[in-house]
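Enquirer: What follows is a single structure, and I will ask about it in a moment.
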Amino acid sequence: MFKSLVPKNDVFYELFGQISANLVEGVQTLVQMLSQCGGYDEHAVRLKSLEHQTDQLVHAIMSHLHKTFITPIEREDIHQLAVRLDDILDLAEAASSRIDLYRPCNVPREAQELSQVLLESVKLVREMIGLLPDMKKRKRIMELTVEINRLEDQADYIRRSTLARLFREEKDPFELIKWKDILEYIERATDRCEDVADITEGIVLENT
Amino acid sequence: MFKSLVPKNDVFYELFGQISANLVEGVQTLVQMLSQCGGYDEHAVRLKSLEHQTDQLVHAIMSHLHKTFITPIEREDIHQLAVRLDDILDLAEAASSRIDLYRPCNVPREAQELSQVLLESVKLVREMIGLLPDMKKRKRIMELTVEINRLEDQADYIRRSTLARLFREEKDPFELIKWKDILEYIERATDRCEDVADITEGIVLENT
Amino acid sequence: MFKSLVPKNDVFYELFGQISANLVEGVQTLVQMLSQCGGYDEHAVRLKSLEHQTDQLVHAIMSHLHKTFITPIEREDIHQLAVRLDDILDLAEAASSRIDLYRPCNVPREAQELSQVLLESVKLVREMIGLLPDMKKRKRIMELTVEINRLEDQADYIRRSTLARLFREEKDPFELIKWKDILEYIERATDRCEDVADITEGIVLENT
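Chains as they are written, first to last, in the working numbering: chain H, 1 to 208; chain C, 1 to 208; chain Z, 1 to 208.
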């Protein structure tokens, strides 16, 4: 196969930029879903479509990777970054699909709070990905990693305490199972944001 | 340690071939388990034994990897492929063990459907692994990846909609928890098939 | 960035040693939690604090990795080892936090047994990590891997059979959900011990 010798860094950064834009839009949809009653199916369809688009962007990154000899970032890091970014949206989509399918009775206010934390986190992830091309904002990258880690801690705390509350207060085991599932997907999405932050920090440390 | 300089590609391909044959047999056992009532323990024992055999085949690949200087495929890819193939059978075994242990009352017909989708998927995985030695069937490899991805989507859809139905119709929370667990293991096995397809596609793209 | 050319192997081994000491202490705390009624919050706080300390040790390993040109072990292996060791403690902490938050009614005796198996396993992990600096105890490393694998099998068996028993005997679905969760975290911690054993064995095989 012909592999390009001249690095076309722009293509990777462009694709990563589109993925992180989709990510923010997807999580905004999830936040809306949890803040209003009903209209679940429309939002779930929107998130599913963003997830499919993002799959194709990830696939484009992989194809480009196989056709390029010299990459701006280590191949393995590009691969990991694409996979992990994709994971975040997959988990947000999984949460939205459960909300649509389970039609849980009452949205606990902590679920809204948790989705807001995820939204903050993916916005920081988008900023971080946007800083990759120049590799000079080392200090800002470090700050973002710390902040994304803090949000992950906060999300974990919200999930744990909400579940403890539901175990005390919820009378219907089916409702508890539904929310346990949904909260887990959202919280795992913040875990994947932390992974992306770690990978990105690693890339910047290696290259400066 | 003495490391062989001459690549013995055959050993790797032979072992991968045996693993994917075990995989298909294991999932066939799972399909049978879900299509008949009772006889669960025999099938569960059969799957457990296939899982152990496969662990040893994976171990043989790892040992051979450490004794070989030049490998037909990148070391990391051989490692990943072995681990992911093993994961598929582990998940099928986990599902069969839950069926045996929980003795759920009625098998939802969708559980059979889901196991059939997994069976189709592992058959395609076996075909894909069988194509590795010549690395020339690039087009067929691409088709298989697309098809395995489609089956994963289908499995995900079946799991989600079955769970939504159980949440609406099942009166016994214990039964719902059991099936939620079992369906998840089967669906995660189709996810791992997708991973194997991605890794295999990557190997072929790198080597052609 | 200035990268040291002279390997300072001691730093890595020192940090790994501290992490595995924290691991053993953390799991001892979990065992205590499950053997006495009450006092849950104190133990949970202790485990949370060990988890935070360990995060910082992992971070120190990563920083040191980025500042070192020549590492005693392959970079990727150091990275994987640190991440997997960290996972074990994260899962033990997750279990302890659930015990504290859910305040389940009666501790099944199998939960104590399961935590003891995990304790045995992390002690063997600590021994294994301690053998890394000389790389000569090949035979002992192999024995430890076999034994850690056996403990993982045992943990899996305990979890499965306990769950089967609870499905038969437990009348309260909320209690079953709580213990299903807690047992899963502890068992997954033994899985991660197996991962650490595999990585460590791989390192020794590569280097002898």
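Where a beta carbon is used, it is the ideal one built from N, C-alpha and C, also for glycine.
1. Go ahead and label Val146 of chain H buried or exposed: buried means 16 or more other beta carbons lie within 10 angstroms of its beta carbon, across all protein chains shown.
2. Provide the residue span of the alpha helix (DSSP H) that contains Val196 of chain Z, from first to last.
3. Taking Leu30 of chain Z as the reference, which of Z:Ser20, Z:Gln18, Z:Arg46 and Z:Ile19 has the closest Cα?
4. Could you tell me whether the stretch 158-169 of chain Z touches the stretch 95-106 of chain Z, using the rule of 3 or more Cβ pairs below 8 Å?
5. Can you name, in chain order, every residue of its own chain whose Cβ lies under 7 Å from the Cβ of Val6 of chain C, other than the five neighbours on each side?
6. Do Leu119 of chain H and Gln36 of chain H have their CB atoms nearer than 8 Å?
7. Find the residues of chain Z that neighbour Ala155 of chain H, judging by a C-beta separation of less than 7 Å, and give them in chain order.
8. Got a sec, what are the start and stop residues for the alpha helix (DSSP H) Ile70 of chain H sits in?
9. Just reading off the alpha helix (DSSP H) that Gly38 of chain H is part of, what are its end residues?
10. Flag this pair as yes or no: are the beta carbons of Gln53 of chain C and His43 of chain C separated by less than 8 Å?
11. Does Met1 of chain C come out as helix, strand or coil in the three-state DSSP assignment?
12. Put Met135 of chain C into one of helix, strand or coil per three-state DSSP.
13. Contact between the stretch 125-142 of chain C and the stretch 99-110 of chain C: three or more CB pairs below 8 Å?
14. Are the beta-carbon atoms belonging to Val83 of chain C and Ile19 of chain C less than 8 Å from one another?
15. Where does Asn22 of chain Z sit, in a helix, a strand or coil, going by DSSP?
16. Residues of the stretch 60-88 of chain Z with a CB closer than 7 Å to any CB of chain H: list them in chain order, please.
17. Which residues of chain C have a Cβ atom closer than 9 Å to the Cβ of Pro133 of chain Z, listed in chain order?
18. Just reading off the alpha helix (DSSP H) that Arg84 of chain H is part of, what are its end residues?
19. For Val83 of chain C, verify whether its CB is less than 7 Å away from any heavy atom of the ligand MG.
20. To the nearest whole angstrom, what separates the beta carbons of Arg159 of chain C and Leu183 of chain C, a pair I think is in contact under 8 Å?
21. Output, in chain order, the set of chain C residues within a Cβ distance shorter than 8 Å of Ile199 of chain Z.
22. Within 8 Å (strictly less), CB to CB, does Arg188 of chain H reach chain C?
23. Helix, strand or coil: how does DSSP classify Asn149 of chain Z here?
24. Give a yes or no on whether the minimum CB-CB distance between Pro104 of chain C and chain H is below 8 Å.
25. List the residues of chain C whose Cβ lies closer than 8 Å to the Cβ of Lys178 of chain H, in chain order.
26. Nearest-angstrom Cα distance between Lys173 of chain C and Asp181 of chain H?
27. I'd like to know whether the C-beta of Glu206 of chain C is nearer than 8 Å to at least one C-beta of chain H.
28. What residues from the stretch 97-131 of chain C come within 7 Å of chain Z, judged by C-beta to C-beta, listed N to C?
29. Do you know how far the Cα of Met128 of chain H is from the Cα of Arg75 of chain H?
30. Is Arg126 of chain H closer than 8 Å to Val24 of chain H when the C-beta atoms are compared?
31. Between the C-alpha atoms of Ser161 of chain C and Ser115 of chain C, what's the straight-line distance to the nearest angstrom?
32. Give the secondary structure of Glu51 of chain Z by DSSP, where H, G and I count as helix, E and B as strand, and everything else as coil.
33. Going by alpha carbons, who is nearest to Gly38 of chain Z out of Z:Leu205, Z:His66, Z:Asp100 and Z:Leu89?
34. For Leu57 of chain Z, which residues in chain C fall below 8 Å Cβ to Cβ?
35. Could you compute how far the alpha carbon of Leu132 of chain C sits from the alpha carbon of Phe12 of chain C?
36. Can you list the residues of chain Z that Arg160 of chain H reaches, using a CB-CB cut of under 7 Å?
Expert: With the structure as the only source:
1. The residue given as residue 146 of chain H occupies position 146 in the first sequence. Here Val146 of chain H is exposed, its C-beta having fewer than 16 other C-beta atoms within 10 Å.
2. Start at 1 with the first residue of the third sequence, and residue 196 of chain Z comes out as number 196. For Val196 of chain Z, the enclosing alpha helix (DSSP H) covers residues Pro173 to Asn207.
3. Counting from 1 along the third sequence, the entry for residue 30 of chain Z is found at position 30. Taking Leu30 of chain Z as reference, the option from Z:Ser20, Z:Gln18, Z:Arg46 and Z:Ile19 with the minimal CA-CA separation is Z:Arg46.
4. Judged by Cβ distances under 8 Å, the stretch 158-169 of chain Z makes no contact with the stretch 95-106 of chain Z, as fewer than three pairs qualify.
5. Residue mapping note: residue 6 of chain C aligns to position 6 of the second sequence, counting from 1. Low confidence applies here, because Val6 of chain C scores a pLDDT of 46, under 50, leaving its location unreliable; read the following figure in that light. Nothing meets the Cβ criterion.
6. Residue 119 of chain H sits at position 119 when you count from the first residue of the first sequence. Residue 36 of chain H sits at position 36 when you count from the first residue of the first sequence. No, they are not a contact pair.
7. For the purposes of this step, residue 155 of chain H is identified with residue 155 of the first sequence, where counting begins at 1. Going along chain Z, no residue has its Cβ under 7 Å from Ala155 of chain H, so there is no contact; the nearest lies around 14 Å.
8. Taking the first residue of the first sequence as position 1, residue 70 of chain H is located at position 70. Unbroken run through Ile70 of chain H: none, as it is neither H nor E.
9. Your numbering for residue 38 of chain H matches position 38 in the first sequence. Neither: Gly38 of chain H is in no alpha helix (DSSP H) and is coded neither H nor E.
10. The sequence position of residue 53 of chain C within the second sequence is 53, counting from 1. The sequence position of residue 43 of chain C within the second sequence is 43, counting from 1. Gln53 of chain C is not a Cβ neighbour of His43 of chain C, given a cutoff of 8 Å.
11. As a first step, residue 1 of chain C must be located in the second sequence, where it is residue number 1. Only weak support is given to the placement of Met1 of chain C: the predicted model assigns it a pLDDT of 42, under 50, and the value that follows is read from those uncertain coordinates. Looking at Met1 of chain C - three-state DSSP - the assignment turns out to be coil, as it is neither helix nor strand.
12. Numbered from its first residue, the second sequence carries residue 135 of chain C at position 135. DSSP places Met135 of chain C outside both helix and strand once states are collapsed to three, so it counts as coil.
13. No: fewer than three Cβ pairs fall under 8 Å.
14. Taking the second sequence and counting its residues from 1, the one referred to as residue 83 of chain C is at position 83. Taking the second sequence and counting its residues from 1, the one referred to as residue 19 of chain C is at position 19. No, the Cβ-Cβ distance between Val83 of chain C and Ile19 of chain C is not below 8 Å.
15. Residue 22 of chain Z sits at position 22 when you count from the first residue of the third sequence. Correct three-state label for Asn22 of chain Z: helix.
16. Within the stretch 60-88 of chain Z, the residues whose Cβ lies closer than 7 Å to some Cβ of chain H are His66, listed in chain order.
17. Along the third sequence, read from residue 1 onward, the residue named residue 133 of chain Z stands at position 133. Against Pro133 of chain Z, chain C offers no close residue; the least beta-carbon distance is about 19 Å (beta-carbon pairs closer than 9 Å).
18. Position 84 of the first sequence, counted from the first residue, corresponds to residue 84 of chain H. Arg75 to Tyr102 is the extent of the alpha helix (DSSP H) around Arg84 of chain H.
19. Inclusion of the ligand MG in the displayed structure is not the case, the ligand content being empty and no account of it being possible.
20. Here the question's residue 159 of chain C lines up with position 159 in the second sequence. Here the question's residue 183 of chain C lines up with position 183 in the second sequence. With 8 Å as the limit, Arg159 of chain C and Leu183 of chain C qualify as a contact, their Cβ atoms being about 5 Å apart.
21. The residue labelled residue 199 of chain Z in the question sits at position 199 within the third sequence. Neighbours of Ile199 of chain Z in chain C, taken as residues whose beta carbon is under 8 Å from its own, are absent, since the nearest beta carbon is some 11 Å off.
22. In the first sequence, counting from the first residue as 1, residue 188 of chain H sits at position 188. Taking 8 Å as the threshold, the shortest C-beta distance from Arg188 of chain H to chain C does not fall below it.
23. Here residue 149 of chain Z is taken as the residue at index 149 of the third sequence, counted from 1. The three-state reading of DSSP puts Asn149 of chain Z in helix, counting H, G and I together.
24. Within the second sequence, residue 104 of chain C is the residue found at index 104, counting from 1. Not a single CB atom of chain H sits nearer than 8 Å to the CB of Pro104 of chain C.
25. Indexing the first sequence from 1 puts residue 178 of chain H at position 178. By Cβ distance, chain C contributes Phe167.
26. Along the second sequence, read from residue 1 onward, the residue named residue 173 of chain C stands at position 173. Along the first sequence, read from residue 1 onward, the residue named residue 181 of chain H stands at position 181. Residue identity differs from the one stated: residue 173 of chain C is Pro in this sequence, not Lys. The straight-line gap from Cα to Cα measures roughly 15 Å.
27. Indexing the second sequence from 1 puts residue 206 of chain C at position 206. Glu206 of chain C belongs to the set of residues whose beta carbon lies under 8 Å from a beta carbon in chain H.
28. Answer set for the stretch 97-131 of chain C: Ser97, Leu101 and Tyr102.
29. On the first sequence, position 75 is the one that residue 75 of chain H refers to. On the first sequence, position 128 is the one that residue 128 of chain H refers to. Straight-line Cα distance between these residues: approximately 19 Å.
30. Residue 24 of chain H sits at position 24 when you count from the first residue of the first sequence. Residue 126 of chain H sits at position 126 when you count from the first residue of the first sequence. Yes. Within cutoff.
31. By one-based count along the second sequence, residue 161 of chain C stands at place 161. By one-based count along the second sequence, residue 115 of chain C stands at place 115. Computed Cα separation, rounded: 15 Å.
32. On the third sequence, position 51 is the one that residue 51 of chain Z refers to. In this structure, DSSP gives Glu51 of chain Z a helical state, which the three-state scheme calls helix.
33. The sequence position of residue 38 of chain Z within the third sequence is 38, counting from 1. Of the candidates Z:Leu205, Z:His66, Z:Asp100 and Z:Leu89, the one whose C-alpha sits nearest the C-alpha of Gly38 of chain Z is Z:Asp100.
34. Locating residue 57 of chain Z in the third sequence gives position 57, where the first residue counts as 1. Near Leu57 of chain Z there are no residues of chain C at all, since even the closest Cβ is about 26 Å away, more than 8 Å.
35. The count along the second sequence starts at 1 and reaches residue 132 of chain C at position 132. The count along the second sequence starts at 1 and reaches residue 12 of chain C at position 12. Going by C-alpha positions, Leu132 of chain C is about 10 Å away from Phe12 of chain C.
36. Taking the first residue of the first sequence as 1, we reach residue 160 of chain H at position 160. Here the neighbours are Ser97 and Leu101.
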